[in-house]
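Undergrad: Start counting at 1 in the sequence shown, then tack on 478, and there's your number in this note's numbering.
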Amino acid sequence: MSTNETVPPVDWLTPDEDRTWRAYLRMVTAVQVGVAQDLAALGLSEPDYEVLSTLSEREDGTSTLHEQAAKMGWSRSRLSRHASRMEARELIRRAPDPTDGRGCLLVLTSAGWDVLRDAAPSHVTSVRRHFVDRLTPEELTALGRIAQKLSTDR
Numbered sequence: 479m480s481t482n483e484t485v486p487p488v489d490w491l492t493p494d495e496d497r498t499w500r501a502y503l504r505m506v507t508a509v510q511v512g513v514a515q516d517l518a519a520l521g522l523s524e525p526d527y528e529v530l531s532t533l534s535e536r537e538d539g540t541s542t543l544h545e546q547a548a549k550m551g552w553s554r555s556r557l558s559r560h561a562s563r564m565e566a567r568e569l570i571r572r573a574p575d576p577t578d579g580r581g582c583l584l585v586l587t588s589a590g591w592d593v594l595r596d597a598a599p600s601h602v603t604s605v606r607r608h609f610v611d612r613l614t615p616e617e618l619t620a621l622g623r624i625a626q627k628l629s630t631d632r
């Protein structure tokens, strides 16, 4: 920036805004770490569980790599690398996408279904312990509204 250009003023956070922001970051980290540790004890990572659970939401247990990457907020190349690791563990398999010659489908295998069925009760217990049961119904409702507001594209 040249010396002739003016820098727009920064709208610094107030002390309350800063405290709230930092509390939010600590909350997200604490919940994610707790749930991730519980999943790790089952031999799964958070992304493993996300892939398995979102594929299970489809009647045929199948999604395009592109759709799955978008759902997870990942690049296709990052998901492709992760899918390769899951494929090596026989949790998913890839299949050609009949509608896109360059794309592929991610398909939940019977072993993947079994792992998900076995892990789901423990995962729900973990989510309850680290998140749901620590809030009142009113707090959950308010947090749900806030999360929806913040996750909606502008």
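Ideal Cβ positions, reconstructed from N, Cα and C, are used throughout, including at glycine. Predicted, not measured: the structure shown is a model, and the values here were computed from it.
#1: Using three-state DSSP, classify Leu569 as helix, strand or coil.
#2: Distance check for Leu618 and Pro525, CA to CA, integer angstroms please.
#3: So, using beta-carbon positions, are Leu530 and Gly590 closer together than 7 angstroms?
#4: Applying the 10 Å Cβ sphere with the 16-neighbour rule, what's the burial state of Leu503?
#5: How many whole angstroms separate the CB atoms of Arg572 and Leu583, which I take to be in contact at a CB cut-off of 8 angstroms?
#6: Can you find the residues in the same chain that come closer than 6 angstroms, C-beta to C-beta, to Met505, ignoring five residues on each side of it along the sequence?
#7: Can you give me the Cβ contacts of Ser558 inside the same chain, cut-off strictly under 7 angstroms, excluding the 5 residues immediately before and after it?
TA: Straight from the coordinates:
#1: The DSSP-derived three-state label of Leu569 is coil.
#2: If I take the Cα positions, the gap works out to 24 angstroms.
#3: Contact: yes.
#4: Per the 10 Å Cβ criterion, exposed.
#5: About 7 angstroms; that satisfies the 8 angstroms criterion.
#6: No residues qualify anywhere along the chain.
#7: The residues Leu543, in chain order, have a CB closer than 7 angstroms to that of Ser558 in the same chain once the five nearest residues on each side in sequence are set aside.
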